[in-house]
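Undergrad: What follows is a structure written as structure tokens; I'll ask about it next.
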Amino acid sequence: MNIYIARHGETKWNIEGRMQGFKNSDLTQRGISDARSLGESLKDIDFDCIYSSPLGRALDTAKYIRQDDNTKIILDDSLKELNLGLWEGMTHEEIKEKYPIQYNNFREHPESFESQGGESFLELIKRVEKGLNNIIKDENHENILIVTHTCVIKAISIIVKGNDVKDFWNLPFINNTSLTILEVINKEIKVLLEADVSHLKQ
Numbered sequence: 001m002n003i004y005i006a007r008h009g010e011t012k013w014n015i016e017g018r019m020q021g022f023k024n025s026d027l028t029q030r031g032i033s034d035a036r037s038l039g040e041s042l043k044d045i046d047f048d049c050i051y052s053s054p055l056g057r058a059l060d061t062a063k064y065i066r067q068d069d070n071t072k073i074i075l076d077d078s079l080k081e082l083n084l085g086l087w088e089g090m091t092h093e094e095i096k097e098k099y100p101i102q103y104n105n106f107r108e109h110p111e112s113f114e115s116q117g118g119e120s121f122l123e124l125i126k127r128v129e130k131g132l133n134n135i136i137k138d139e140n141h142e143n144i145l146i147v148t149h150t151c152v153i154k155a156i157s158i159i160v161k162g163n164d165v166k167d168f169w170n171l172p173f174i175n176n177t178s179l180t181i182l183e184v185i186n187k188e189i190k191v192l193l194e195a196d197v198s199h200l201k202q
């Protein structure tokens, strides 16, 4: 089984530097265009189904990637972005000013991060691991597409590579509509491609 994992397209809040989390922000025109470009690059892949975060920016991206075919989209709560609690809708500068210690932990020491009414990174990893296990247990699937968010993709990387939560923000950077591909053989997972953006128009 091959699992193709895409981050959602660019949103208005991405441009404004606002934390999104469980809240939603609409795709920009660039976000829509990039999602369509990713869909075009994947048009020859016969996906058994698409798993999407139910948040609008991810679901809309999934629909633009899918284009005109009727591949089933399954909404999966385990693929939602990290719940950022009180930070959602705030800019990075506002958070840095109001919560300097936790903002620094968020960026530099994820193992020590304590969310203001949301999730820790460890809680996210546990949620994502449960969801990923549910997705890969259907051995009849050959190709699956997942459309989700930065922190979920980082969590999947931690799970697959066996890394510690302190390594959460290790490179590569997860750009909007970037593509990661996993290969699953006998429940062993291997990274084939990570954070690729070669489909984007320069």
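Position 165 (the sequence shown) corresponds to 165 in full-length UniProt numbering; numbering is contiguous. Every residue gets a Cβ at the ideal spot worked out from N, C-alpha and C, and that includes glycine.
Candidates Asp-34, Val-165 and Gly-85: which alpha carbon is nearest Glu-108's?
TA: Val-165
Undergrad: Taking C-alpha atoms, which residue in Val-147, Thr-28, Ser-78 and Leu-193 lies nearest to Leu-132?
TA: Ser-78
Undergrad: Could you check the C-alpha separation between Glu-194 and Leu-86 for me, to the nearest Å?
TA: 31 angstroms
Undergrad: Pull up the CB-CB distance for Val-147 and Ala-62, whole angstroms please, since I reckon it's below 8 angstroms.
TA: 4 angstroms
Undergrad: Which residues does DSSP list as the beta-bridge partners of Leu-75?
TA: Ser-52
Undergrad: Along the chain, where does the alpha helix (DSSP H) that runs through Lys-126 open and close?
TA: 121-136
Undergrad: Among Met-19, Ile-3, Thr-11 and Glu-10, which residue has its Cα nearest to the Cα of Ser-115?
TA: Met-19
Undergrad: Tell me whether the region 90-98 and the region 165-183 touch, counting them as touching only if at least three CB pairs, one residue from each stretch, are closer than 8 angstroms.
TA: They do not touch, by the three-pair rule.
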